[in-house]
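Engineer: Chains as they are written, first to last, in the numbering used here: chain A, 4 to 341; chain B, 4 to 341.
Protein chains: 2
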Amino acid sequence: MKIILDGMGGDLAPTEVLKGAYEAVKELKISVIMTGDENRIKEAAKKESIPLDNIEIVNAPLVIPMDADPSLILKSYKESSMAKGLSLLAEGKGDAFVSAGSTGALLFGSTFIVKRIKGVKRPAIGTMIPTAKKKPYLLLDAGANHDCRSDMLKQFAFMGKAYCEGVLKIKNPSVALINIGTEEHKGDDLRKEAYQLLKAEKSLNFIGNAEARSLPLGECDIAVCDGFTGNIILKLSEGFGKFISISLKDILFANLSTKLSALVLKKRISAFKSLMDYKEYGGAPLLGVRKPVIKAHGSSDARAFKNAVRQAYFCVDGNICSKLEELLSQEKEAADVD
Amino acid sequence: MKIILDGMGGDLAPTEVLKGAYEAVKELKISVIMTGDENRIKEAAKKESIPLDNIEIVNAPLVIPMDADPSLILKSYKESSMAKGLSLLAEGKGDAFVSAGSTGALLFGSTFIVKRIKGVKRPAIGTMIPTAKKKPYLLLDAGANHDCRSDMLKQFAFMGKAYCEGVLKIKNPSVALINIGTEEHKGDDLRKEAYQLLKAEKSLNFIGNAEARSLPLGECDIAVCDGFTGNIILKLSEGFGKFISISLKDILFANLSTKLSALVLKKRISAFKSLMDYKEYGGAPLLGVRKPVIKAHGSSDARAFKNAVRQAYFCVDGNICSKLEELLSQEKEAADVD
Numbered sequence: 004m005k006i007i008l009d010g011m012g013g014d015l016a017p018t019e020v021l022k023g024a025y026e027a028v029k030e031l032k033i034s035v036i037m038t039g040d041e042n043r044i045k046e047a048a049k050k051e052s053i054p055l056d057n058i059e060i061v062n063a064p065l066v067i068p069m070d071a072d073p074s075l076i077l078k079s080y081k082e083s084s085m086a087k088g089l090s091l092l093a094e095g096k097g098d099a100f101v102s103a104g105s106t107g108a109l110l111f112g113s114t115f116i117v118k119r120i121k122g123v124k125r126p127a128i129g130t131m132i133p134t135a136k137k138k139p140y141l142l143l144d145a146g147a148n149h150d151c152r153s154d155m156l157k158q159f160a161f162m163g164k165a166y167c168e169g170v171l172k173i174k175n176p177s178v179a180l181i182n183i184g185t186e187e188h189k190g191d192d193l194r195k196e197a198y199q200l201l202k203a204e205k206s207l208n209f210i211g212n213a214e215a216r217s218l219p220l221g222e223c224d225i226a227v228c229d230g231f232t233g234n235i236i237l238k239l240s241e242g243f244g245k246f247i248s249i250s251l252k253d254i255l256f257a258n259l260s261t262k263l264s265a266l267v268l269k270k271r272i273s274a275f276k277s278l279m280d281y282k283e284y285g286g287a288p289l290l291g292v293r294k295p296v297i298k299a300h301g302s303s304d305a306r307a308f309k310n311a312v313r314q315a316y317f318c319v320d321g322n323i324c325s326k327l328e329e330l331l332s333q334e335k336e337a338a339d340v341d
Numbered sequence: 004m005k006i007i008l009d010g011m012g013g014d015l016a017p018t019e020v021l022k023g024a025y026e027a028v029k030e031l032k033i034s035v036i037m038t039g040d041e042n043r044i045k046e047a048a049k050k051e052s053i054p055l056d057n058i059e060i061v062n063a064p065l066v067i068p069m070d071a072d073p074s075l076i077l078k079s080y081k082e083s084s085m086a087k088g089l090s091l092l093a094e095g096k097g098d099a100f101v102s103a104g105s106t107g108a109l110l111f112g113s114t115f116i117v118k119r120i121k122g123v124k125r126p127a128i129g130t131m132i133p134t135a136k137k138k139p140y141l142l143l144d145a146g147a148n149h150d151c152r153s154d155m156l157k158q159f160a161f162m163g164k165a166y167c168e169g170v171l172k173i174k175n176p177s178v179a180l181i182n183i184g185t186e187e188h189k190g191d192d193l194r195k196e197a198y199q200l201l202k203a204e205k206s207l208n209f210i211g212n213a214e215a216r217s218l219p220l221g222e223c224d225i226a227v228c229d230g231f232t233g234n235i236i237l238k239l240s241e242g243f244g245k246f247i248s249i250s251l252k253d254i255l256f257a258n259l260s261t262k263l264s265a266l267v268l269k270k271r272i273s274a275f276k277s278l279m280d281y282k283e284y285g286g287a288p289l290l291g292v293r294k295p296v297i298k299a300h301g302s303s304d305a306r307a308f309k310n311a312v313r314q315a316y317f318c319v320d321g322n323i324c325s326k327l328e329e330l331l332s333q334e335k336e337a338a339d340v341d
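#1: If we count Cβ pairs, one from each stretch, closer than 8 Å, do we get three or more for the stretch 36-49 of chain A versus the stretch 311-324 of chain A?
#2: Among the residues of its own chain, which have a CB less than 7 Å from the CB of P139(A), if the five just before and after it don't count?
#3: At which residues does the beta strand (DSSP E) containing A99(A) begin and terminate?
#4: Using a Cβ-Cβ cut-off of 7 Å (strictly less than) and excluding sequence neighbours within five positions of D341(B), which residues of its own chain qualify?
#5: In the DSSP assignment, what residue or residues form a beta bridge with I181(B)?
#6: With H, G and I counted as helix, E and B as strand and the rest as coil, what does DSSP make of R125(A)?
#7: Does the Cβ of A86(B) have 16 or more other Cβ atoms within 10 Å, making it buried, or fewer, making it exposed?
#8: Restricting to Cα atoms, I'd like to know which of G169(B), H188(B), G163(B) and S153(B) is closest to V178(B).
#9: For chain A, find out if any of its Cβ atoms is closer than 9 Å to the Cβ of P139(B); answer yes or no.
#10: Is there contact here, the stretch 268-276 of chain B with the stretch 248-268 of chain A, by at least three beta-carbon pairs under 8 Å?
#11: Please identify, using Cβ separations under 8 Å, the residues of the stretch 137-165 of chain B that lie next to chain A, in order along the chain.
#12: Does the Cβ of H300(A) have 16 or more other Cβ atoms within 10 Å, making it buried, or fewer, making it exposed?
#13: I'd like to know if the stretch 27-34 of chain A and the stretch 65-84 of chain A are in contact, where contact means that at least 3 CB-CB pairs between them fall below 8 Å.
#14: Which residues mark the beginning and the end of the alpha helix (DSSP H) in which D9(B) is found?
#15: Check whether the stretch 189-203 of chain A and the stretch 212-221 of chain B touch, using three or more Cβ-Cβ pairs below 8 Å as the test.
#16: Which ranges does the alpha helix (DSSP H) cover as unbroken runs of at least 4 residues, wholly within the stretch 156-210 of chain B, from first to last along the chain?
#17: For I60(A), which three-state DSSP category applies?
#18: May I ask which residues mark the beginning and end of the beta strand (DSSP E) holding V296(B)?
#19: Tell me the rounded alpha-carbon separation between C167(A) and C318(A).
#20: Suppose contacts are defined by Cβ-Cβ distances below 9 Å. Is G291(B) in contact with P126(B) by that definition?
#21: Sorted by chain position, which residues of the same chain lie with C-beta nearer than 6 Å to S302(B)'s C-beta, five sequence neighbours on each side aside?
#22: Counting only Cβ pairs nearer than 8 Å, list the residues of chain A close to V267(B).
#23: Am I right that A165(B) and L330(B) are in contact with their C-beta atoms under 8 Å? What's the rounded C-beta distance?
#24: For I173(B) and A203(B), I'd like the C-alpha separation in whole angstroms.
#25: Taking DSSP as the reference, what is the three-state secondary structure of I225(B)?
#26: With which residues is G39(A) paired in a DSSP beta bridge?
#27: Specify, as a first and last residue, the run of the beta strand (DSSP E) that Y140(A) falls within.
#28: Under 9 Å, Cβ to Cβ, is there at least one residue of chain B near L239(A)?
#29: Is the Cβ of L180(B) closer than 9 Å to any Cβ of chain A?
#30: So which residues on chain B does L218(A) lean against when the C-beta distance must stay under 8 Å?
#31: Can you give the Cα-Cα distance for I297(B) and V312(B), rounded to whole angstroms?
#32: Helix or strand or just coil, what does DSSP make of S332(A)?
#33: To the nearest angstrom, how far is it from the Cα of N62(A) to the Cα of T114(A)?
#34: What in chain A is Cβ-close to K202(B), meaning under 8 Å?
#35: Taking its Cβ as the centre, do 16 or more other Cβ atoms sit within 10 Å of T234(A), making it buried, or is it exposed?
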């Protein structure tokens, strides 16, 4: 298997990307293509004494800025490290692509360079969010599409199913529609329509509406919503992670006796913190395009990059793209019968 | 001052409403009107040995069910305890109204019985949400209006300002627009338009867009959004409260030595839990109607009812309704000048 990595994406590129690539190559017995500034990557390899066995560098020094108009990836930035990586993926030179660069550009580039799976209306971003059950749920769309139609929400459920079954090995994952009430008639027109579409889809394990209150309690495997709502949920969850971390610090480091108690609790608190740590879950899969694409966090370090590559590996290994294509073809047939 | 209480609203009515009323009368030196089933309230008073000094009972035994169509408050439930309380408020028989009954019915009844302040497009529900700074922020709209226009979002900011200045005594409170990015051009058309309207309003201390990530960190006094998004934020925040409580229990009650540590931390953890406890903040003000109306939580106990009455007291004392009317009249003038 060969995973393509955007060597210039993220705050700590290219050094941490390279370190992550090296770890992934060792652990997963794969090979890697890194796109980016060849000189800088080779310098970093030398400085960090990282052997480049099974790491091929494809020179593409240009970097698309985080705040650039995403569509520029097809124009003035079509030679950038990200665009180059996506092109190599589209050409079949690798099996999946990982980037910590601009989400907008990655989404735009994936849609127009790698292209959508047949039948997919709009690709979505999935994100794993921790819960009190220690089993995260997959939130999607986490921010790709602000304005959604109900049929898009239904497709997000299929994307989630393909990912959960292929990568997380959850059989028949439960799907909830995020809404402002649990009853069938609740919410705006978008939710009401989506509810009926999801309910009618027999291949989905649709468990109905879920209020946001139930999400941190881990009552579903897949939570479906529009990208505006998803982005709010993702970021509020991140914010609560920080809130918890600040509050625990206040409680545990107040004085000498609380610090002694903190020592006793250290292991358990670390475990809790790592449960809340988004880096543990790898990156965010971009679902609905023809090959696996993973968006790594902008602040990813070597461990986060390695985890994102491992996630890409499992996407390839679990055939999520062909799984999704199959699910959507069944959906299409069902619609044709109606 | 006279506060009207819906004696039949909430899971623990009428006993806990009565106990709360009694405590409020004692603490605030006010009088109370309780609407509801006179026999049941008097029985509860006898059983709990609560004197009815300064508590007047107005018989209205009918209760509007939580799942009833809210508009029925004007029809088959126009004699209900909630409708009766709102009518008394509209007639000037009391200064504010508190109910733990159906939010939808209370919103509908307030709008059509008490009526809106001149110029208000749609009333909104405000809610205090705890933050790591130990100073909660006011979220609105927390669920009254799923579909909002940008001018409604601007008015929510004025409602928040009137409440923060009048009740919370925060001078020139900061207002943020909840969005999926901090830059001015971010978000959908609703957010872009609202941003410009808020920015143009010189009497508001508008600090720009806020991502949901920053909300639990307490970076604004007032957070403005549509009611769908607000309801998601409110409920997700509640869900995280539970998540934290479950996680702390897991950490602290794991074994004997963690339990001993928990003893040392007990006081601080209680303080943290009470920070997360929505009952501490009273109820949710319904803003934009002519008299103060407070929605108490459905599971309110005596303490929560007392806090909700105290909140109503401060709304009256702080003249929030005339403050809002004044702010909106200035807004109107400004618009006329344009």
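All C-beta atoms in this analysis are idealised placements derived from N, C-alpha and C, irrespective of residue type, glycine included.
Structural biologist: Let me lay it out:
#1: Result no; under three Cβ-Cβ pairs closer than 8 Å.
#2: M131, I132, P133 and Y284
#3: Taken as a continuous stretch (DSSP letters only), the beta strand (DSSP E) holding A99(A) covers A99 to S102.
#4: Unreliable placement is indicated for D341(B), whose pLDDT of 45 sits below 50; the coordinate value is still reported in the next sentence. Within the same chain, D341(B) has no close Cβ partners at all.
#5: A213(B)
#6: Three-state DSSP puts R125(A) in coil, outside helix and strand.
#7: buried
#8: G163(B)
#9: For P139(B), the answer is no, since every Cβ of chain A falls outside 9 Å of its Cβ.
#10: Contact holds between the stretch 268-276 of chain B and the stretch 248-268 of chain A, because three or more Cβ pairs, one in each stretch, are under 8 Å apart.
#11: G146, H149 and D150
#12: Counting Cβ neighbours within 10 Å, H300(A) comes out buried, since at least 16 surround it.
#13: no
#14: Segment K5 to D9 is the beta strand (DSSP E) holding D9(B); no alpha helix (DSSP H) there.
#15: By the Cβ criterion, the stretch 189-203 of chain A is not in contact with the stretch 212-221 of chain B, since fewer than three pairs of Cβ atoms, one from each stretch, lie closer than 8 Å.
#16: 192-203
#17: Three-state result, I60(A): strand.
#18: V296 to K298
#19: 10 Å
#20: With contacts defined as CB atoms closer than 9 Å, G291(B) and P126(B) qualify as a contacting pair.
#21: Listed in chain order, the non-local C-beta contacts of S302(B) below 6 Å within the same chain comprise D14, local neighbours out to five positions each way being set aside.
#22: S260, T261, L263 and S264
#23: Taking a contact as a CB-CB distance under 8 Å, the pair A165(B) and L330(B) counts as one, their CB atoms being some 6 Å apart.
#24: 22 Å
#25: strand
#26: N62(A)
#27: Y140 to L143
#28: yes
#29: no
#30: L239 and G242
#31: 8 Å
#32: Three-state DSSP puts S332(A) in a helix.
#33: Within the model, the alpha-carbon separation for N62(A) versus T114(A) is close to 23 Å.
#34: By Cβ distance, chain A contributes nothing, its closest Cβ being about 20 Å from K202(B), past 8 Å.
#35: A small correction: the amino acid at residue 234(A) is Asn; Thr does not occupy that position in the sequence shown. It counts as buried.
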